[in-house]
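Below is one structure, written out as structure tokens; the observations come after it.
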Amino acid sequence: MAHAPDHASERPAILDKVRPAELPRSPLVLNHRGFHWITDKVCGIVEEPTPLWWKVTFCVALFIASFTFIGLTYLVSTGTGTWGLRSPVGWGWAIVNFVFWVGIGHAGTLISAILCLLRQKWRTSINRAAEAMTIFAVMCAGIFPLFHVGRVWFGWWLFPLPNQNGIWPQFRSPLEWDVFAVSTYFTVSALFWYMGMIPDLGAIRDRATTWWRKIFYGLLAMGWRNGNRQWSNFEMAYLLLAGLSTPLVLSVHTIVSFDFAVSNVPGWHTTIFPPYFVAGAIFSGFAMVLTLMLPLRAIYRLHDVINQYHIDNMCKIILATGTMVGYAYATEFFIAAYSGNAFEKFAFVNRAFGQYAWAYWIMVSCNVITPQLFWFKKVRENHALVWIICLFVNVGMWFERFVITVTSLANDYLPSSWGYYSPTIVDIFTFFGTFGFFSVLFLLFVRFLPLLPMAEVKMVTPQADPHAH
Amino acid sequence: MNERNERIHGVACTFRQPADVFRAAEQVRDAGWTKWDVHTPFPIHGMDQAMGLPRSPVPRLTLLGGVTGFVTGCLLTWYTNAFDYPLVVGGKPFWSVIFPFPVLYECTILFAAFGTFFGQFIFNRLPRHHHPLFDLPQFARVSDDTFMIVLEASDPRFHVDESRNFLQSLGGSEITIVRD
């Protein structure tokens, strides 16, 4: 400290002439688009006559969704034996699909809540669609455990409701924790989504020309008046919901991983599961966001509001979380070797080189190798390639859940009770159909609700700053 | 003029730029108005201070919801697993704060979120589908790209002509009387 004044006097004179560099931030809205352009663009999607592509995709989506309907009808009328579940694998595709869909939902909450708390302004143009994706993905996820219970008409026994048997759910079970985690997650995500949409519904209401639009959007907008006294409460509530959703989203996939980690099955009973599952969830969710947003951006010409900067950021998050997932795969192997537990060691060697090695290497190549391409700017700027890589990530993350669920159950302690699990056509129908179900809901959202949060996008334009010149 | 014979909600004027409405809001605040509002297509950064608004009371209901949720979770798990139908599972106690913690955690968040969501509606006095402002043609543009200041008749400073002149001096255009 004593040398500090000397040091200051030795400061080179040139430093006084040098101005700190002003690095311009990447603009979030390109081409200096104004407030009115944003309103027109977003409301225009809802107000235009139903485009042909929408009608066609909607019909295709409905057709695909009917596969789930047929699959479930057959399951309920015949029995859960129609799924490929039998000893030793009692958790097959149903649980794989459940974890897959819940994981996809997590990126929506990450974008809407965690990036909101971190003041990442680029989230604004994608958060509405990502939140919608969350809600619809959780709906798809919920189908599987609900029907997996066997007699679905007793599904309400999952909840602590009084029944004539006088018994209650058993709260020491991770499966019961999961009921609370997923239902809370769905409810809070829906509240957050709807509340964030109120000002935009008001904007559509104010432009409405047809009577049904006035009534529909008028009712949904709850009489929102854009007053700053309202905004003040609204923004506070929005921030609080973001603050509540953040620990919620982390807890949901943590509890999903408890379904596995709390058991004594080799390969499941590990403490790395919660963070590893959360990273994987964000990874797959961002891939799904890009899978959905890239085509929508092209169809609705949203290039000014969802620009290269947004796509870069999402690609980088996929790269980061994909690398974390790869690191987790390596850690699992190390811990299994280090544990000295013969069953743990076997479980992991068996994953990579056993009867499900094909699934393991699909998982590794899709999840660890493919996203590494996002290091290259040229790849991130090639949107067709980005879209394809995201599809690979989606496939890889489905296989991750398959590998975890099935390999550990098929080959656990006693070789005499080992088995090989394959899904049946009913499994495949039911899962395939959920993509249609998801698409039906998402297409309805795109057509009837504001796709981008107009108020939030306006807020991040330079002209929204009251102190700008 | 028969303006004074009818019930008047207030006087409204519009602005085109966030900076203009921001400066005008500061002047309305400094003039000591209490019953007035600024209507903007998006929340303007710093407008709460420019209007002199206190901190939003929504967090109170969030806290209330969170505490209710935690207590509800405790009561639920205790009543069902330790009181009404005690069952020994895995040698764990009938009730402790540890094993049902995920349930307590989720209940806390769920109820806190309900508190926040309904708090926003309660403190904003919504839903309210009728309001005198909805009758103004220019009000429809407020959700698009127009900014509006409304001085309400319930404020003690309100006087139709003086308030109009005041809004004029602030640089507002489309000065209109809003009828109830």
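Protein sequences appear in the order of chains A and B.
Sequential numbering from 35 applies to the first sequence in my numbering.
Sequential numbering from 974 applies to the second sequence in my numbering.
We put the CB at the ideal spot given by N, CA and C, even for glycine.
Exercise for review: Output the boundary residues of the alpha helix (DSSP H) element that contains R247/A.
Suggested key: 245 to 255
Point to revise | Continuous beta strand (DSSP E) stretch holding L1124/B: start and end | key: 1120 to 1125
Review point. How would you write the range of the alpha helix (DSSP H) that E999/B sits in, first residue to last?
Key: 991 to 1003
**Study point:** Ranges of the alpha helix (DSSP H) found wholly within the segment 345 to 427 of chain A, counting only runs of at least 4
**Key:** With a minimum length of 4 residues, the continuous alpha helix (DSSP H) runs that stay inside the segment 345 to 427 of chain A are 376 to 387, 391 to 398, 411 to 415.
Check your understanding: Taking the Cβ atom as the reference point for each residue, do W88/A and R414/A lie within a distance shorter than 8 Å?
Key -> no
Check your understanding: If you follow the alpha helix (DSSP H) that E269/A is part of, which residue opens it and which one closes it?
Key -> 262 to 295
Practice item. Could you tell me whether the Cβ of E1079/B comes closer than 8 Å to any Cβ of chain A? Key: yes
Exercise for review: Check each residue of the segment 1027 to 1052 of chain B: if its Cβ is closer than 7 Å to any Cβ of chain A, include it; give the result in chain order.
Suggested key: S1029, V1031, P1032, T1035, L1049, T1050
**Study point:** Closest Cα partner of T102/A within the set F472/A, L478/A, M488/A, A55/A
**Key:** F472/A
Practice item. Answer with yes or no whether the minimum CB distance from A498/A to chain B is below 8 Å. Key: yes
Exercise for review: Output yes or no for whether 8 Å exceeds the beta carbon distance between G137/A and G319/A.
Suggested key: Yes, they are a contact pair.
Practice item. Return the CA-CA distance between D499/A and V1001/B, expressed in angstroms with no decimal places. Key: 20 Å
Review point. DSSP beta-bridge partners for G983/B?
Key: E1125/B, V1151/B
**Study point:** Contact list for the segment 1106 to 1118 of chain B against chain A, Cβ threshold 9 Å
**Key:** L1106, F1107, F1112, A1113, R1114, V1115, S1116, D1117, D1118
Practice item. Could you pull out every residue in the same chain whose Cβ sits closer than 8 Å to the Cβ of F205/A, ignoring the five residues on either side in sequence? Key: W211
**Study point:** Meets three-Cβ-pair contact criterion under 8 Å: the segment 428 to 437 of chain A and the segment 305 to 323 of chain A
**Key:** yes
Check your understanding: Among the residues of its own chain, which have a CB less than 8 Å from the CB of L419/A, if the five just before and after it don't count?
Key -> L407, V413
Point to revise | Test: H501/A CB closer than 8 Å to a CB of chain B | key: yes
Exercise for review: Please classify E1135/B: is it buried, with 16 or more other beta-carbons within 10 angstroms of its beta-carbon, or exposed?
Suggested key: exposed
Review point. V1070/B CB to nearest chain A CB: under 8 Å?
Key: So no, V1070/B is outside the interface.
Check your understanding: Skipping 5 residues on each side, what residues in its chain have a beta carbon closer than 6 Å to that of E165/A?
Key -> Hits under 6 Å: G142, S146, W227.
Practice item. Since I believe V63/A is in contact with V339/A (beta carbons under 8 Å), could you give me their beta-carbon distance rounded to a whole number of angstroms? Key: V339/A to V63/A, Cβ: 6 Å. Contact.
Check your understanding: What are the partner residues of R1130/B, as DSSP defines its beta bridges?
Key -> DSSP lists no partner for R1130/B.
Exercise for review: For T1017/B, go through chain A and note every residue whose CB falls closer than 9 Å to its CB, in chain order.
Suggested key: As written in the sequence, residue 1017/B is Ile, which differs from the Thr given in the question. Here the neighbours are N262, W265, M493, A498, D499, P500.
Check your understanding: Which residues share a DSSP beta bridge with H1012/B?
Key -> G261/A, M1121/B
Practice item. Can you tell me which of R157/A, F134/A, E82/A puts its alpha carbon nearest to the alpha carbon of F311/A? Key: F134/A
Check your understanding: Count the other CB atoms within 10 Å of the CB of P1075/B; is the residue buried (16 or more) or exposed (fewer)?
Key -> It counts as buried.
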